[in-house]
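Colleague:
In my numbering, the protein residues as written are 62 to 284.
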């Protein structure tokens, strides 16, 4: 993609972008043999497709309807877009014979008392040698997915407007970073914001604090 004038983003090496003199741009997401092209200039997109087809065999599937197990639905009239992983989740559930299991209402049951090594957030570290306690956590998570598989992520014009506003705001503050490494994004950015006193940390009482359900078991009533 670099040979075609595209820049690889530092935040995600699977994402490439090319900006044109008229202000238009094309964003290309490439993962193994799956590709997603985003842009408003159809002529430039068609030109890109022709150039890529000279380098390797590719098939144009038209407007994106699915990528990496994510189903894409649109409502162009109201400017909304839905992302769903229902089919992928159902395949995973059937693989582990949990497709017909009774769903649970939270990702982590209040009766489960877990150590730091059993936390759902780090269970993936034990994929090569999982223990019984890890399977208990994963099975509960799968039952939670059983009841939420039809839930979609909805993005509308309002969401995009907020993102554009945030981008402009960061540019005005001089905080938009270019070609930053992951460690810069994750640590240095937060540290710089604290030093500039753009925000501060305040203690919030447990009763008023939204718990992270993947690390803290809480009853459904509190949700």
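Cβ atoms here follow ideal geometry from the backbone N, Cα and C, with glycine treated the same way.
Which runs of the beta strand (DSSP E) at least 3 residues long sit entirely within the stretch 119-170? Give them in chain order.
Modeller: Counting only runs of 3 or more, we get 131-136, 141-145.
Colleague: Where does residue 106 fall in DSSP's three states?
Modeller: Of the three classes helix, strand and coil, the one that applies to residue 106 here is helix, per DSSP.
Colleague: Taking the continuous alpha helix (DSSP H) assigned at residue 208, which residues delimit it?
Modeller: Where residue 208 is concerned, the enclosing alpha helix (DSSP H) stretches over 193-209.
Colleague: Can you name the start and end residues of the beta strand (DSSP E) that residue 73 belongs to?
Modeller: From DSSP, residue 73 is part of no beta strand (DSSP E); its letter is neither H nor E.
Colleague: Count the other C-beta atoms from every protein chain shown that fall within 10 angstroms of the C-beta of residue 262, then say buried if there are 16 or more, exposed otherwise.
Modeller: Classification for residue 262: exposed.
Colleague: Reducing DSSP to helix, strand and coil, say where residue 242 ends up.
Modeller: Note that residue 242 scores 44 on pLDDT, short of 50, meaning its location in the model is unreliable and no value can be drawn from it.
Colleague: Around the Cβ of residue 230, are there at least 16 other Cβ atoms within 10 angstroms (buried) or fewer (exposed)?
Modeller: So residue 230 counts as exposed.
Colleague: Going by Cα to Cα distance, which pick from 121, 74, 89 is closest to residue 80?
Modeller: Of the candidates 121, 74, 89, the one whose C-alpha sits nearest the C-alpha of residue 80 is 89.
Colleague: Give the secondary structure of residue 262 by DSSP, where H, G and I count as helix, E and B as strand, and everything else as coil.
Modeller: Looking at residue 262 - three-state DSSP - the assignment turns out to be coil, as it is neither helix nor strand.
Colleague: With residue 95 as the anchor, note down where its beta strand (DSSP E) starts and where it stops.
Modeller: Where residue 95 is concerned, the enclosing beta strand (DSSP E) stretches over 95-100.
Colleague: Would residue 126 and residue 120 qualify as a contact pair, given that the criterion is a beta-carbon distance under 8 Å?
Modeller: No, Cβ-Cβ distance for residue 126 and residue 120 is not below 8 Å.
Colleague: Hey, residue 106 and residue 87 are a contact pair by Cβ (cut 8 Å); roughly how many whole angstroms apart?
Modeller: Sure, about 6 Å apart at Cβ, within 8 Å.
Colleague: Sort 92, 215, 101, 213 by Cα distance to residue 84 and report the nearest one.
Modeller: Of the listed residues, the one whose Cα sits closest to residue 84 is 101.
Colleague: Quick one: give me the first and last residue of the beta strand (DSSP E) that residue 215 is part of.
Modeller: From DSSP, the beta strand (DSSP E) with residue 215 extends over 214-217.
Colleague: Hey, could you find the ends of the beta strand (DSSP E) residue 294 is sitting in?
Modeller: The structure shown does not extend to residue 294, since the chain is modelled only from 62 through 284, so no value can be given for it.
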